[in-house]
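So the sequence shown is numbered by the working numbering: it starts at 73 and just counts up by one. Glycine included, C-beta positions come from ideal geometry on N, C-alpha and C.
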Amino acid sequence: MTKVKIVCTIGPACSNYETLSAMAKAGMNVARLNFSHGAYDGHQKMLELVRRVEKDLNTPIAALLDTKGPEIRTGKVEGGTVALEQESLLVLTTEEIVGTSSRVFMNYPQLAREVAVGQEIFIDDGTLHLKVEEIRGDDVACRVIVGGLLADTKGINIPGAELSLPALSEKDIEDIKWGVQHEMEYIAVSFVKNRRDIMEVRRIMEEFGEPMKVIAKIETRQAVQNIEEIVEVVDGMMIARGDLGVEIPTEDVPLQQKRIIDICRAK
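Right under this line is the structure:
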């Protein structure tokens, strides 16, 4: 048996028996269900297909629940996309509006109290780059450093900011309950910051039944800083290089990846 395992994300393109069966024959070891998207009935159909393929081929396939996590996101924008011009001013607001090129909703009410003038903000995995210019009550006015197209509901990263986001959202808790009740084997915990986040997941799982094995997704600056305490309480690590490359300098990602691998091997 190879030590390297192949994790496959199950989505609409492979949500049929024939495709999943072919993937299993080609070496799929883990079926990842992304709980950032979709509803429970869709996840259940996917899981049932995976279990059917597993039984028919007599091949073990683990099911992995990937949590959405406590993200900061923008809202919807006019026409589905708006253009942000370099050097223009963009206001991030808690007012639930349909966004324009000058004003966009974001879903984190504490942002104005937890960022400072001069702080860098990245949107859509670093595609768009802003710098905080002014705090206006609950609004954050930013200068666009690197512009481009902003589509609906894109993720926001604020490297270096100490944000008071909870370890788990209400949706995450319900998703954990669903995963335990449906006997999924693994859970990948998004946006882990420290040991406490993992212990909270374990506590919640124990309330609902037989716990899943826990994979910590390393995609924040805090997780990198606290990696040695995190590795002590998880069953595995997943290095999310896309998000991590926004939180820390891109050129540091391979070095941190190697460091994390060494720490895991030494455990």
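Simplified DSSP state of ALA94, which is helix, strand or coil: Reduced to three states, the DSSP call for ALA94 is helix.
Ordered list of alpha helix (DSSP H) runs contained in the segment 281 to 334, each at least 4 residues: Within the segment 281 to 334, the complete alpha helix (DSSP H) runs of at least 4 residues are 293 to 297, 299 to 302, 313 to 319.
Quick check on LEU235: does DSSP put it in helix, strand or coil? Judged by DSSP in its simplified three-state form, LEU235 adopts coil rather than helix or strand.
Might you give, ordered along the chain, the residues of its own chain that have their beta carbon closer than 7 Å to the beta carbon of VAL306, omitting 5 neighbours on each side? These residues qualify, in order along the chain: ILE270, VAL286, ILE287, ALA288.
If you reduce the DSSP assignment to three classes, tell me which class VAL252 lands in. It is helical.
On the DSSP letters alone, give me the boundaries of the alpha helix (DSSP H) that GLY99 sits inside. Boundaries cannot be given for GLY99, as no alpha helix (DSSP H) includes it and DSSP labels it neither H nor E.
For TYR139, the nearest candidate out of MET310, TYR258, ASP244, LEU316 (CA to CA): Residue 139 is actually Thr in this sequence, not Tyr. Cα-wise, what sits closest to THR139 is ASP244.
Sub-7 Å separation of GLY281 and VAL252 beta-carbons: Cβ atoms of GLY281 and VAL252: closer than 7 Å.
Does the segment 197 to 207 come close enough to the segment 233 to 244 to have 3 or more Cβ pairs within less than 8 Å? Contact between the segment 197 to 207 and the segment 233 to 244 is absent, because fewer than three Cβ pairs lie under 8 Å.
Out of ILE228, PRO181, SER174, point me to the one whose CA is closest to ALA213's CA. Considering only ILE228, PRO181, SER174, the residue with the shortest C-alpha distance to ALA213 is SER174.
Is the distance from the Cβ of ASP196 to the Cβ of GLY152 below 7 Å? No, Cβ-Cβ distance for ASP196 and GLY152 is not below 7 Å.
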